[in-house]
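*Asks:* Counting in my numbering, the sequence shown runs from 48 upward without gaps. Backbone N, C-alpha and C fix where the C-beta goes; we use that ideal spot for every residue, glycine too. Everything numeric in this text was worked out from a predicted model, so none of it was measured. Here it is, the structure in full.
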Amino acid sequence: MDASKAFAAYEAVRDRLPPAAPENGAPRVATTLADIADDFDTFFLDAFGVLNIGDTAIPGAVDRVEALTKAGKRVIVVSNAAGLPHAALMEKYTRLGYDFASEDVITSRATLLCEMDARRKLHWGLMATRDNSLRDLEDLNVTYLEEDPAPYAAVDGFLMIGSAAWTEARQTLLVQALQDHPRPVLVGNPDIVAPREAGFSVEPGHFAHRLADETGVIPEFFGKPFSNIYDLAFSRLGGAGQAGRTVMVGDSLHTDILGAQTAGIASALISGYGFFAGKDIDAAIDSAGIYPDYILERP
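Right, dumping it as structure tokens:
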């Protein structure tokens, strides 16, 4: 999927996303986060398109995070990274050169797990990659969804957290199972796509919205642009976090910028990397009607 198709896919599901805030003046254009550092105490950073593209750190991003931290800023990763266990994600950031505290990396996976409550004991069918193991999910009763149709019929609900190994055959089985017997669908990554080194990967949100279209079962989404991940982020800050001094930095209008508006915080859109790299970002903003407070060339 390319950027144009991804943008159209997000626009097609706007009725399932939070509403956008009205335009509040033209975005302020700057080069890097250093140019807006004095305006904020806390920086929520998206991962893909801000910290890294796939398994490659964005040039200058490691130094920028270090400089913000040394300046006394609180830097927190707020990411729809549901496919990897938390420990594996921390290992990845260390390989890329980042030095984040474990509690300062907040994901949609963690958000989903925090909000499952009494549903933890239900039997869940799991969309995930076996290679990533069940770390973080040990206390859940889950069965991987693969080619055998039996688990699709047997489980109490479905968890969609990683789509790297998902296939059209599995999607067909899931659609049929929900048409036969509607059950809860919890989505640990609302992203439709994510930027990679060689284009865009298709993420769980893509398949979740297709399910909704084909079955009428509306999934519960955990992660940006929904408020639950921001609630978790501010809970980690405790009394130190103030919405008026916090900015969300990301590469996507429909997740990062819309999510920031939902959370009542400022937003900064990265134009040179990720979703809109090489694209007409002003036209995209006007088309979507989602207006960031800042447009930055790079982190």
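Across which residues does DSSP place proline 242 in a beta bridge pair?
*Replies:* Phe247
*Asks:* Could you tell me the alpha carbon to alpha carbon distance between alanine 211 and phenylalanine 254, rounded to whole angstroms?
*Replies:* 12 Å
*Asks:* Looking at C-beta atoms only, is the number of pairs between the stretch 323-337 and the stretch 293-307 that lie closer than 8 Å three or more?
*Replies:* yes
*Asks:* List the whole-angstrom C-beta distance separating leucine 343 from threonine 78, where the pair is believed to meet the contact cut-off of C-beta under 8 Å.
*Replies:* 7 Å
*Asks:* Measuring only the C-alpha atoms, how far is glutamate 138 from leucine 159?
*Replies:* When rounded, the distance between both Cα atoms is 21 Å.
*Asks:* Arginine 75 to tyrosine 341, Cα distance in whole Å?
*Replies:* 5 Å
*Asks:* Is glycine 297 helix, strand or coil by DSSP?
*Replies:* strand
*Asks:* Along the chain, where does the beta strand (DSSP E) containing asparagine 188 start, and where does it finish?
*Replies:* 188-191
*Asks:* Identify which residue in Trp213, Ala224, Asp178 and Asp203 has its Cα closest to the Cα of glutamate 193.
*Replies:* Trp213
*Asks:* Nearest by alpha-carbon distance to histidine 256: which of Val249, Ser248 and Ile265 is it?
*Replies:* Ile265
*Asks:* Could you give the residue range of the beta strand (DSSP E) that holds alanine 135?
*Replies:* It is not in any beta strand (DSSP E) - alanine 135 instead sits in the alpha helix (DSSP H) that spans 133-143.
*Asks:* Using a Cβ-Cβ distance under 9 Å, would glutamate 70 count as near chain B?
*Replies:* The chain labelled as chain B is not found in the depicted structure, where only one protein chain is given.
*Asks:* Which same chain residues, not among the five before or five after lysine 168, have their C-beta less than 7 Å away from its C-beta?
*Replies:* Asn188
*Asks:* Between which two residues does the alpha helix (DSSP H) carrying leucine 354 extend?
*Replies:* An answer regarding residue 354 cannot be provided, because it is not within the stretch 48 to 346 covered by the chain.
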